[in-house]
Each structure stands twice: as C-alpha cells, then as structure tokens.
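*Asks:* Could you have a look at this structure, given as structure tokens, before my questions?
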Amino acid sequence: MAEETFLEMLEVGCEPDAVACGTMLCTYARWGRHSAMLTFYKAVQERRILLSTSVYNFMLSSLQKKSFHGKVIDLWLEMVEEGVPPNEFTYTLVVSSYAKQGFKEDALKAFGEMKSLGFVPEEVTYSSVIGLSVKAGDWDKAVGLYEDMRSQGIVPSNYTCATMLSLYYKTENYPKALSLFADMERNKIPADEVIRGLIIRIYGKLGLFHDAQSMFEETERLNLLADEKTYLAMSQVHLNSGNVVKALDVIEMMKTRDIPLSRFAYIVMLQCYAKIQNVDCAEEAFRALSKTGLPDASSCNDMLNLYTRLNLGEKAKGFIKQIMVDQVHFDIELYKTAMRVYCKEGMVAEAQDLIVKMGREARVKDNRFVQTLAESMHIVNKHDKHEAVLNVSQLDVMALGLMLNLRLKEGNLNETKAILNLMFKTDLGSSAVNRVISSFVREGDVSKAEMIADIIIRLGLRMEEETIATLIAVYGRQHKLKEAKRLYLAAGESKTPGKSVIRSMIDAYVRCGWLEDAYGLFMESAEKGCDPGAVTISILVNALTNRGKHREAEHISRTCLEKNMELDTVGYNTLIKAMLEAGKLQCASEIYERMHTSGVPCSIQTYNTMISVYGRGLQLDKAIQIFSNARRSGLYLDEKIYTNMIMHYGKAGKISEALSLFSEMQKKGIKPGTPSYNMMVKICATSRLHREVDELLQAMERNGRCTDSSTYLTLIQAYAESSQFAEAEKMITLMKEKGIPLSHSHFSSLLSAFAKAGMMDEAERIYCKMSEVGTSPDSACKRTILKGYMSCGDAKKGILFYEKMIRSSVEDDRFVSSVVEDLYKAVGKEQDV
1 MAEETFLEML EVGCEPDAVA CGTMLCTYAR WGRHSAMLTF YKAVQERRIL LSTSVYNFML
61 SSLQKKSFHG KVIDLWLEMV EEGVPPNEFT YTLVVSSYAK QGFKEDALKA FGEMKSLGFV
121 PEEVTYSSVI GLSVKAGDWD KAVGLYEDMR SQGIVPSNYT CATMLSLYYK TENYPKALSL
181 FADMERNKIP ADEVIRGLII RIYGKLGLFH DAQSMFEETE RLNLLADEKT YLAMSQVHLN
241 SGNVVKALDV IEMMKTRDIP LSRFAYIVML QCYAKIQNVD CAEEAFRALS KTGLPDASSC
301 NDMLNLYTRL NLGEKAKGFI KQIMVDQVHF DIELYKTAMR VYCKEGMVAE AQDLIVKMGR
361 EARVKDNRFV QTLAESMHIV NKHDKHEAVL NVSQLDVMAL GLMLNLRLKE GNLNETKAIL
421 NLMFKTDLGS SAVNRVISSF VREGDVSKAE MIADIIIRLG LRMEEETIAT LIAVYGRQHK
481 LKEAKRLYLA AGESKTPGKS VIRSMIDAYV RCGWLEDAYG LFMESAEKGC DPGAVTISIL
541 VNALTNRGKH REAEHISRTC LEKNMELDTV GYNTLIKAML EAGKLQCASE IYERMHTSGV
601 PCSIQTYNTM ISVYGRGLQL DKAIQIFSNA RRSGLYLDEK IYTNMIMHYG KAGKISEALS
661 LFSEMQKKGI KPGTPSYNMM VKICATSRLH REVDELLQAM ERNGRCTDSS TYLTLIQAYA
721 ESSQFAEAEK MITLMKEKGI PLSHSHFSSL LSAFAKAGMM DEAERIYCKM SEVGTSPDSA
781 CKRTILKGYM SCGDAKKGIL FYEKMIRSSV EDDRFVSSVV EDLYKAVGKE QDV
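Shown next as structure tokens:
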C-alpha cells in the first residue's frame, strides 16, 4: 500500500520530500525488506534528499537486528558523509556493530566521539568496547573502560562481569576478581554458570579449596550445573589440592549425568591417574585422548614421566617410539624427558638421533639444553681437535648431568671424565653432579655413584658436601664403614667437614655399632663449635642408652646444654628419656627446664616422661604440676599419661586421687586398656580395697578387657606384698577355676612373700601345690624357698626339704648350689656329692 501511494505521488508529478522518503524507508525497515530499503535509499540519495537522524537510526537498528553489521557500518559512514548529526542511539548501534565485526579502533573512536558530545553510553555499549578490548589483549584499556562505567554509576550486567572476571583471571589479579564478585552479590547481579566456573578456578588458584567446593555445590543446588567446563574446573581444583580421589569423583559425576567427555576431560583424567601412579587407568585415558586427535606434548610428557618414576624402562622406550611414529609435536619438556629415558637406559644411538632431531627443529634448536647436549655428545673428540666448546656460562647443567648418566651407563670413562671436568667449571655443576649421584642412590645403583666419587677424587676435584654426606649415608646403611671413613677423611683434607658430613658419619658409626667412635666424633665436633642437629643427637643418644652407655649419653646431654645446641621437641624428649633410664633425674630435670625456657613446645611424650622423672624422684607435687601443665597445653591426653600419673598416685598412697583420675580419664572418652585396669587393680588390692577390686574386674569383663594371666599376676603380687596371703592364694584358685594358665611367676610372688615373712610351712605348701597343678618349680622358686630357710635360721629344715623335694626334681644351677652350700655350712656339714 505504501509503495502504491508513493508511486501515485510520482505519477501525478508530486515530488516526494524527506518526510515521505523517510516514511517509505522506515516501512521497508519495519517489514525487514532490507534489499528494497537499500535500493530505495540509493534513489533518495540521488535526489539529494537529506534524511533525518531518526530515519537513519530506524534503518541502522533494522539492519543490526538481522546481524547485518557490515551494512550498518556502511550506512553509518554515509550518514556521517551526509552530515546528519548522530544521537545517543545512533552511537549505541554503531559501536555495537563495530564491536561485533571486531573493529576495535573504529569502535573506540565512535565511543570516544559519543562521550565527547556529552552522551552517556549505556551499559551495553560499555560492555561491547570492554569485551572488544579484552579479546584484543588490551587489558589496561578494558580495565579503564570498566572503571569509567562504574564512575558513571552504571551497574554492570552479568555479561560485563563475566568479561571482567575472565580478564582478572587471565592477569592473575585474583583479589580484584573476588572484589567484583562481592559487588555482584551486593547488587544482586545473578551469577551464571560461566561466572561460577571462573570463581571456582580462582578459589583453586588461591588455595581456597573449601570455598571452591561450596561454590560448586551451590551451583548444583541452583540447577545451573550443566557445562563440562565447570565440572572440570572443580576437578582441577581437587587435583591441585592433592585430592585426586575427589577429582576423579567429579569426572565420574559427569559420566553418570551423560555429559560428553571432551579432549580436555581426558587430559585431566590422565593427570589424575599419573599423579596416583595408576598405570592401567592412565594408559586407558591416554588411548581415549588419542581418539580425539593427536595427543598434546604435555599429556605425552605426563605419561612418559609416569613410566620413568615407576622404572618401567621398556614401556617408556616403547612409548617414545610410538609417539615419534605418530608424529606428535614435541615441546622442550617432552624432549627433556625422552632424553632422560635414553640416558638412564644407556641408549647412546637413540640419544644421538634425538639430539640431531632437536637441532633441526626451529622451536627448540636454540635452547641451551639442546645446544649443551650437542656440544657434549663427543666432548673428548672436540678436545683432541682443539675445537672450542660453548662458553661455560651458557652450558645447561641438567643436560650435562644427563650426558654424565649416559656415559656412565655406557661405561665410557674418557667421556665421563671430560663431562665431569666440564660440569665442575660451571656455577651449578657440582650441584648437578650431586643430583646424579643421589639419583643413582635412590635407584639402588650405588656402584655408579661410587664410580663418580672415585673419578672426582682422582681428578682432584672437590665434591659438594651434600654429595659426600649422601655417599657416607649409603655406606653406613650397607655397613661399609671402611669406605665411609675414606670419604670422610677425603672431605677433611681440604677443609673441616660440614654439618651434613658429620651427621652422616655419626649415623654410619651408629649403624655399624661403633658407638665409641660415634661418641668421639660428636664430642670432637662439638668442641669445634659444630652442632650436628637434633636428629643426629637423638639417634646417637638412643643408641648409647640402649647399649647401657649412660655415662656417655649424659655427657652428650650436658654438652648440648653447655653449647646451646639447637634441639627440637624430639631431641629434648630423647635426652630426658635417656637421663631417666640412666637414673640421672636431676639432669633430666635440667634438660626439661632448658627446653621450657628455650620456647620449644612440649609434646605429650615430654609431659609423660617428666611425670616419670619426678615420680621416680619421689617429687609427687612436681609430677602433679607437670600433669596440670599437660592439661592446660591443649594437647590430647592419652591413656599412657593418665596411667602413669595414676601409678605414681598409687605409689604415694594417694588412693582417692588415683581413683578420681581413673574416673576422669573415662569421662574424657578414653577407654581404659588392660594395663590401666591392671594398674588400678594393683593399687586397690595393695590398699585392701576388695570391693573396688571386684568392681574393676567386673568392669574389665563388661568392657571387653578380659582378665588374663597378667591381671591376676598383678593381683597376686599386690596381695602378697601387702601380706594379704589369703587373697593372693584365692586368686590362684580363681585362675585355676577359670582355666587361665598358671606360670611360675604367679606362685613365686606368693612363695617369696611367705619366705620373707618366715612362714616356711606355708611356703612349703605353695611349693608343693605348684606340682599339683602341673607347674614344676623352677630354679628361681627353689632359690627363694631355700633362702627363706636360711634367713629364718632353720638350716636343718632347709636341708631336709632340699634332700626330700628338690635334689631329685630340679637340676641345680650355680646360685642354688651356693645357697645349699651355705645351709650345710650353717649346720657344720659338707654337702654330699
């Protein structure tokens, strides 16, 4: 209809004006007839009719809605050429189309003109130029635009926030990202899955693993979890936190929800399995990755590193061969790992081929690692021909270390010596040699480590202290003390051995049982001001204490205090325990005081040992104070420390305190074990608290702590020591009734008590009872009863008992014979042989 009207106007000779032409153009635009619109527009231009801004805006908007951004830009340029003044809406449309086309400079120019004319861009316009700047890598411009937008009081859209978060993530400006996310929450800007995925990654980068997990769970609760990228972001966070199981759980969740696994998903799976060293699953993930296209170099490196870590040499070699056939694009890291495999396996020809291959690749040929390998491949020949080697400062020590490994495996001593000489000329060469030696030691190839050490010594080169210490430690573990001493002496030729060497030598002496030499070396080094460290001191003091060399242990302890040696909690605990076992209670107390004043934290073992120190020294008040300190320390008080304190209360006759502490222990949720019950049984039995003993025995049965042979031995000893003979004998009867095996110890306690009390008739009865229950008296029982006769002055009766009951039943030992001889002398007779 509009077209017919317009044609009628032309037929009657009525020249259309700007309004009529504009109306016609808007009609075409409204109905989406863009070809007709643009054709008509050309006709209007030919008639030199100037259209209004609103008509241009109508046409621009219509074209943009159909994504004809190129036509929008062409029309805009014609509008400018015609001198039609654009308004705010015009610029909004034009900036958007420039942005969609990726014309950054033009978009920013139009944006700048818009602002210079006093127009305030809408959020969508800011968003367009911000996004365009981010894509172009002009991050400073993007940040400036965003801050300008915020200064105008414009609240960013979800899309703009996602763009800025992505920018902050790429630039590792995580605090800014989290601040922006907090602004979003304050302004109630909804966070979609893309934004949440970015926040999960950022939390992971900052080590905020719990926050990342919470965000993931919240995304799931809001039914926003659908994109594989979000799942993989969470999986990577778990992987980076070391929780591989949870990382794999997330991928398994994807599978159960039928979310297709992408190439990247298989890469993450491979990383997980490589980390936990699951070869089968890693290989399966790699095969799945290979089906998506050529594997990337990083994934190949993960797979190859897994094989090398597990010493799967054949698999590693086969893998390298396969990825070369597949024409995987190697990066420098993959080349390094492949070279490490060849050198470790002694594959000289393959190593040479790989070096040639690297030298031909433009991406890696100028790398120092590659150049060093090429230079050092035949270094002896170069020296013979007087060819110049690369500047020493340009050599890569890792590459030299690999070549050293290769030549050692090959057994080429000349090349080995040449490489060692070259390595020691570099700044870090000696450290690299140490790493090579350490790697041989870790892999159990000690002979290679020894070979390097011998060559170094013969060449007159000086090994690093850590290298010497490593080898001495190896010799110590192998009980090769002669070799260890040779290295130690070699280390001392040029300078005084350092701490690590002295530590290793002391440890070697201890392992080989040469405690006097270990002690001597410690004292000698201490005099020279060397502190070998808490671990070495602990090892040496423990060894001396276990061998009964308490004097030497005490000397070391006092030296540590006098020289102010730095000890940790374990070191102090070792010294205190050693002095306790040596009976040097005052020294133990001094060590504890030094520990306290030095600010070294006490462990539960410290408190427990000090309770024993003061308890044995009959200083119950101090033992109680130590126990109180342990309570205030915040440490978990275990059954051992409670039982120890209970024991010392019992020995001091503080029965109510012992019972109270035993009750407190149970209220704290600590279930008493058999040793704790036995201790309480002994305390109560000694104090004639028979009802409490019965209750304890019942409690043991109730709590699954069966009363066993040790429980009854405790009872018998307690009753016997407190002269409760009837009760002691009742326990023997009860054991027999319950079918609990009786041993010599159960009878000897009661036998000894009767003998000490001079009740020899009762002692004889118990002695005879042993045979009745099938427990033949041993030498200890015989000595006990014969000594009893001697002590109570009844030697005749003792001789009669011996001749009647003992002589024919038990073979005499020298101690029994000595007592019998004394009995006969007491009555003026000689023993019949």
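In full-length UniProt numbering, the protein residues as written are 1 to 833.
Don't be surprised by glycine CBs; every beta carbon is placed ideally from N, CA and C.
Which value, in whole angstroms, describes the spacing of the CA atoms of residue 524 and residue 556?
*Replies:* Roughly 11 Å separates the two Cα atoms.
*Asks:* Please report the distance separating the alpha-carbon of residue 506 from that of residue 484.
*Replies:* Computed Cα separation, rounded: 10 Å.
*Asks:* In or out: residue 396 buried (at least 16 other Cβ within 10 Å) or exposed?
*Replies:* Burial call: buried.
*Asks:* Taking a contact to mean a Cβ-Cβ separation below 9 Å, would you say residue 38 touches residue 82 in this structure?
*Replies:* No, the Cβ-Cβ distance between residue 38 and residue 82 is not below 9 Å.
*Asks:* Just the C-alpha distance for residue 540 and residue 568, rounded to the nearest angstrom, thanks.
*Replies:* Computed Cα separation, rounded: 15 Å.
*Asks:* Go through its chain and collect everything with a Cβ distance to residue 146's Cβ below 7 Å, but skip five positions before and after it.
*Replies:* 130, 164.
*Asks:* In the DSSP assignment, find the unbroken alpha helix (DSSP H) run with residue 40 in it and report its ends.
*Replies:* Unbroken alpha helix (DSSP H) run through residue 40: 34-46.
*Asks:* Could you tell me if residue 340 is buried or exposed, where buried requires 16 or more neighbouring beta carbons within 10 angstroms of its beta carbon?
*Replies:* Buried.
*Asks:* Quick one: residues in its chain with C-beta nearer than 8 Å to the C-beta of residue 277, no 5 flanking neighbours on either side, listed in chain order?
*Replies:* These residues qualify, in order along the chain: 306, 309, 310.
*Asks:* Under the assumption that residue 84 contacts residue 125 (Cβ atoms under 8 Å), give the Cβ distance between them as a whole number of angstroms.
*Replies:* So it is not a contact: roughly 20 Å between Cβ atoms.
*Asks:* Between the Cα of residue 634 and those of 586, 603, 765, spot the shortest distance and give me the residue it belongs to.
*Replies:* Nearest of 586, 603, 765 to residue 634, Cα basis: 603.
*Asks:* Under three-state DSSP, which class holds residue 19?
*Replies:* Three-state result, residue 19: helix.
*Asks:* Roughly how many angstroms separate the alpha carbons of residue 385 and residue 466, rounded to a whole number?
*Replies:* Because residue 385 carries a pLDDT of 39, less than 50, the predicted location of this residue cannot be relied on, and no value is offered for it.
*Asks:* If we ignore side chains and look at the alpha-carbon of each, how far apart do residue 824 and residue 626 end up?
*Replies:* Using only the alpha carbons, I get a separation of about 54 Å.
*Asks:* Considering just the uninterrupted stretch of the alpha helix (DSSP H) at residue 264, what are its terminal residues?
*Replies:* 263-275 is the span of the alpha helix (DSSP H), which, as asked, contains residue 264.
*Asks:* Does residue 120 pass the burial test, meaning 16 or more other C-beta atoms within 10 Å, or should it be called exposed?
*Replies:* Looking at its Cβ environment, which holds fewer than 16 other Cβ atoms inside 10 Å, residue 120 is exposed.
*Asks:* Measuring straight from C-alpha to C-alpha, what distance separates residue 796 and residue 789?
*Replies:* Going by the C-alpha atoms only, they are around 9 Å apart.
*Asks:* Mapping the DSSP letters down to three states, classify residue 322 as helix, strand or coil.
*Replies:* Looking at residue 322 - three-state DSSP - the assignment turns out to be helix.
*Asks:* Just the Cα atoms here: how many angstroms apart are residue 751 and residue 695?
*Replies:* Cα to Cα, residue 751 sits roughly 27 Å from residue 695.
*Asks:* Can you tell me whether residue 47 is buried or exposed? The criterion is at least 16 other CB atoms within 10 Å of its CB, across all chains shown.
*Replies:* Result: exposed.
*Asks:* Using the Cβ count rule (16 or more neighbours within 10 Å means buried), how would you classify residue 552?
*Replies:* It is buried - the Cβ of residue 552 has at least 16 other Cβ atoms within 10 Å.
*Asks:* Is residue 55 near residue 32, with beta carbons less than 9 Å apart?
*Replies:* No. Outside cutoff.
*Asks:* If residue 534 and residue 571 are in contact, beta carbons under 8 Å, what's the gap, nearest whole angstrom?
*Replies:* Yes, they are in contact, since the Cβ atoms of residue 534 and residue 571 sit about 3 Å apart, within 8 Å.
*Asks:* So, with DSSP's three-state summary, where would you put residue 600?
*Replies:* Here residue 600 sits in coil by DSSP.
*Asks:* Around the C-beta of residue 329, are 16 or more other C-beta atoms found within 10 angstroms, so that it is buried, or is it exposed?
*Replies:* Exposed: under 16 other Cβ atoms inside 10 Å.
*Asks:* What's the gap between the Cα of residue 261 and the Cα of residue 288?
*Replies:* So the two alpha carbons sit approximately 10 Å from each other.
*Asks:* Taking the C-alpha atoms as reference points, what is the distance between residue 365 and residue 89?
*Replies:* Roughly 56 Å separates the two Cα atoms.
*Asks:* Take the Cβ of residue 800 as the centre, count every other Cβ of all protein chains shown within 10 Å, and call the residue buried at 16 or more, exposed below.
*Replies:* Residue 800 should be labelled exposed.
*Asks:* Quick one: Cα of residue 181 to Cα of residue 65, how far?
*Replies:* Spanning the two alpha carbons is a distance of roughly 32 Å.
*Asks:* Taking residue 907 as the reference, which of 104, 453, 70 has the closest Cα?
*Replies:* In the structure displayed, the chain extends from 1 to 833; residue 907 sits before or after that span and is not available.
*Asks:* Beta-carbon separation of residue 25 and residue 40 under 9 Å?
*Replies:* Yes, the Cβ-Cβ distance between residue 25 and residue 40 is below 9 Å.
*Asks:* Does DSSP put residue 135 in a helix, in a strand, or in coil?
*Replies:* DSSP places residue 135 in helix when its eight states are reduced to three.
*Asks:* Flag this pair as yes or no: are the beta carbons of residue 97 and residue 69 separated by less than 9 Å?
*Replies:* Result yes, Cβ atoms of residue 97 and residue 69 sit closer than 9 Å.
*Asks:* What separation, rounded to the nearest whole angstrom, lies between the Cα atoms of residue 887 and residue 725?
*Replies:* The requested residue 887 does not occur in the structure, where the chain is confined to residues 1 to 833.
*Asks:* List the endpoints of the continuous alpha helix (DSSP H) containing residue 254.
*Replies:* Here the alpha helix (DSSP H) through residue 254 covers 244-256.
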